[in-house]
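Structure first, then comments.
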Amino acid sequence: KQEVTQIPAALSVPEGENLVLNCSFTDSAIYNLQWFRQDPGKGLTSLLLIQSSQREQTSGRLNASLDKSSGRSTLYIAASQPGDSATYLCAVRPVVGGSQGNLIFGKGTKLSVKP
Amino acid sequence: DGGITQSPKYLFRKEGQNVTLSCEQNLNHDAMYWYRQDPGQGLRLIYYSQIVNDFQKGDIAEGYSVSREKKESFPLTVTSAQKNPTAFYLCASSDQYTDTQYFGPGTRLTVL
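Protein sequences, first through last, are from chains F and U.
Per our numbering, the first sequence starts with residue 1, numbered consecutively.
Per our numbering, the second sequence starts with residue 1, numbered consecutively.
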């Protein structure tokens with residue numbers, strides 16, 4: 001059964017620092033991997049989606065990489081800002097019986113960027 | 001202004017009552033989903049629908065019911081059979097071409 005793990009559960013950094021959030025998954029048979037942001041008491045916002053055939057995706061100060069064979073993805077945030085403070089969730093869409101399964105989410109990493 | 005709306009934002013229920021959470025989208029997406037989020041937990045899938053008049057159970061469907069009579073609407077009913085319904089409920093829809101999921105703002109349900 002596919003499991004998604006995000007370590008650490010919480011991270012606090014000073015403003016301006018570059019940082020990396022980690023996501024690991026147990027089964028390399030995936031269609032894609034997605035990173036989301038969630039502000040307190042709000043819904044999720046999609047940040048980046050990486051197809052299984054891709055190695056990375058970039059959007060502004062965000063860069064997500066995917067190493068499917070090792071079951072790992074990282075979200076790199078450059079020059080962090082207090083506005084980046086939120087919980088970041090990783091989710092994989094597994095291959096199930098040759099078809100797309102439903103998204104499986106990690107528990108998230110709560111990021112706090114101190115001014 | 002396209003998006004997903006959920007109502008109400010906060011909902012209080014007495015034990016033994018059924019309640020219905022609303023989810024509406026104007027993104028013209030075929031697929032819609034209901035997730036439950038508990039503190040410190042990842043999202044868990046309750047039900048999903050890939051087309052009007054059709055829906056499937058997710059991982060934790062017991063005690064919940066849904067309907068999909070219109071493309072833009074996917075209401076969730078939390079029945080009295082759900083033993084621990086206090087949670088944050090999130091509705092989402094997805095674009096079949098990009099597979100990106102778009103989420104509503106959520107409904108926080110509390111059982112008194």
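Glycine included, C-beta positions come from ideal geometry on N, C-alpha and C.
Going by the DSSP bridge assignment, what does residue i pair with across the sheet?
i, result
"F:Lys114", "F:Pro14"
"F:Glu56", "F:Ser65"
"F:Gln2", "BP columns for F:Gln2 are empty, so no partner."
"F:Ser24", "F:Thr5, F:Arg72"
"F:Ser80", "Answer is none; F:Ser80 lacks a bridge partner."
"F:Gln34", "F:Leu49, F:Ala91"
"U:Gln50", "Answer is none; U:Gln50 lacks a bridge partner."
"F:Leu44", "F:Gln38"
"F:Leu19", "F:Ile77"
Helix, strand or coil for residue i? Go by DSSP, reduced to three states.
i, result
"U:Asp99", "coil"
"F:Pro94", "strand"
"F:Ala29", "coil"
"F:Ser183", "With chain F running from 1 to 115 in the structure shown, residue 183 of chain F is simply not present."
"U:Val111", "strand"
"U:Gln41", "coil"
Which residues in chain U sit within 7 Å of residue i, going by Cβ to Cβ distance?
i, result
"F:Phe105", "Gly42, Leu43"
Which bits of chain U does residue i rub up against, with CB to CB less than 8 Å?
i, result
"F:Arg37", "Neighbours of F:Arg37 on chain U: none; closest Cβ ~10 Å, over 8 Å."
"F:Gly108", "Gly42"
Which bits of chain U does residue i rub up against, with CB to CB less than 9 Å?
i, result
"F:Lys98", "The displayed chain sequence assigns Gly, not Lys, to residue 98 of chain F. Simply none; closest approach about 17 Å."
For residue i, go through chain F and note every residue whose CB falls closer than 9 Å to its CB, in chain order.
i, result
"U:Asp54", "Under the 9 Å cutoff, chain F gives no residues; its nearest Cβ is about 15 Å from U:Asp54."
"U:Phe103", "Phe36, Gln38, Lys42, Gly43, Leu44, Thr45, Ser46"
Cβ closer than 7 Å: which chain C residues qualify as neighbours of residue i?
i, result
"U:Gln82", "Absent from the structure: chain C. Protein chains present are F and U."
Going along chain F in order, which residues have a C-beta closer than 8 Å to the C-beta of residue i?
i, result
"U:Thr100", "Gln34, Ser46, Leu49"
"U:Leu90", "Gly43, Leu44"
"U:Gly106", "Gly41, Lys42, Gly43"
Find the residues of chain F that neighbour residue i, judging by a C-beta separation of less than 7 Å, and give them in chain order.
i, result
"U:Pro85", "Residues of chain F passing the Cβ test: none, with the nearest at roughly 18 Å."
Chain U contacts from the segment 42-72 of chain F (Cβ-Cβ distance under 9 Å): Lys42, Gly43, Leu44, Thr45, Ser46, Leu49, Gln51
Runs of beta strand (DSSP E) lying entirely within the segment 56-101 of chain U, each at least 3 residues, in chain order: Counting only runs of 3 or more, we get 64-66, 76-78, 87-94.
Unbroken stretches of the beta strand (DSSP E), 3 residues or longer, contained in the segment 7-34 of chain U: 10-13, 19-25
Against chain U: residues of the segment 14-35 of chain F by CB proximity under 9 Å: Tyr31, Asn32, Gln34
Chain F contacts from the segment 20-50 of chain U (Cβ-Cβ distance under 9 Å): Tyr33, Tyr35, Gln37, Gly40, Gln41, Gly42, Leu43, Arg44, Leu45, Tyr48
Residues from the segment 53-74 of chain U in contact with chain F, defined by Cβ distance under 7 Å: Look at the segment 53-74 of chain U: the residues with a C-beta under 7 Å from a C-beta of chain F are Gly58.
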